[in-house]
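Remember, the numbering used here sits 121 above the position in the sequence shown when you count from 1. All C-beta atoms in this analysis are idealised placements derived from N, C-alpha and C, irrespective of residue type, glycine included. Right, one structure below, let's go through it.
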Amino acid sequence: MYDWYEPAGIDECPLCGVAFEDGWQGEDGPNQCLVFRQGEAAPVAQEIDPEWPLAEELRAPEIASARLPDGESTIRGPCKAHHWFDALITVANGVWIDTRVVGPHDSAASEIDRWITAGKILGRQPRAVVRCPECSEASLEVQDVLFPDGSGLERWMRCPRCRAANALLVRW
Ligand SMILES: [Zn+2]
Ligand SMILES: [Zn+2]
Numbered sequence: 122m123y124d125w126y127e128p129a130g131i132d133e134c135p136l137c138g139v140a141f142e143d144g145w146q147g148e149d150g151p152n153q154c155l156v157f158r159q160g161e162a163a164p165v166a167q168e169i170d171p172e173w174p175l176a177e178e179l180r181a182p183e184i185a186s187a188r189l190p191d192g193e194s195t196i197r198g199p200c201k202a203h204h205w206f207d208a209l210i211t212v213a214n215g216v217w218i219d220t221r222v223v224g225p226h227d228s229a230a231s232e233i234d235r236w237i238t239a240g241k242i243l244g245r246q247p248r249a250v251v252r253c254p255e256c257s258e259a260s261l262e263v264q265d266v267l268f269p270d271g272s273g274l275e276r277w278m279r280c281p282r283c284r285a286a287n288a289l290l291v292r293w
């Protein structure tokens with residue numbers, strides 16, 4: 122079982138720019154098909170597929186007191202072009218206060234593809250938690266350096282653990 126999640130501020134897929142679907146799911150909460158919305162403590166609804174055999178047993182008589190656990194946990198969701206992402210959520214005093222995109226659910230095969238993917242994600246979501254394409258452990262730091270003529274920028278990514286670094290040229 123799982124719950125539904127409505128994050129704030131990560132509306133578009135950081136890879137293709139298409140809107141995310143509404144179906145973010147996670148398994149670290151009460152797991153009663155409750156709908157949690159970022160910024161609110163109590164679930165806003167319970168959404169159980171009525172076709173489901175156990176639907177009636179699951180229907181909670183009292184959902185107002187259900188809470189997400191404090192700390193960090195991971196949810197997942199697809200964009201309308203079917204790119205799946207993980208996102209890291211932070212809950213404090215029962216209130217979901219923050220969401221950060223984590224790299225894609227499946228990482229690309231080659232190292233250079235992983236760097237390109239990382240650059241795209243960090244371009245749209247600078248606060249994303251993207252793993253290092255080389256050591257795959259630390260989260261990349263990103264710094265954008267504008268060209269003096271304003272025609273684009275160089276997006277530098279650095280790993281604080283293994284010190285791998287790469288840059289992506291972004292022109293407009
Ligand atoms: Zn996408
Ligand atoms: Zn690294």
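Restricting attention to A259, C154, R292 and A185, the CA atom closest to the CA of A163 is found in A185. Restricting attention to alpha helix (DSSP H) runs no shorter than 4 residues, the region 173-233 encloses them at 176-179, ordered along the chain. Taking 7 Å as the cut-off, one finds no heavy atom of ligand 1 near enough to the beta carbon of A208.
For N287, the pairing in a beta bridge is given by DSSP as M278. 8 Å or more divides the Cβ of P281 from the Cβ of A249. One thing to note: A239 has its Cβ within 8 Å of the Cβ of V251.
Secondary structure of W293 (DSSP, three-state): coil. Excluding five sequence positions before and after E168, the CB atoms of its chain that fall closer than 7 Å to its own CB belong to W125, C154 and V156, given in chain order. Remark: the C-beta of H226 is outside contact range of ligand 1, defined as less than 7 Å to any heavy atom. Boundaries for V251: no beta strand (DSSP E) harbours it, and the DSSP string shows neither H nor E there. Note: Q264 is bridge-paired with W277 in the DSSP secondary-structure output.
D219 and I210 do touch by the CB rule: their CB atoms are close to 7 Å apart, below 8 Å. The C-beta distance from Q146 to I196 rounds to 6 Å, short enough to fall under 8 Å. Placement of the Cβ of V139 at a distance of less than 7 Å from at least one heavy atom of ligand 1 is found. By DSSP's assignment, A140 forms a beta bridge with E133.
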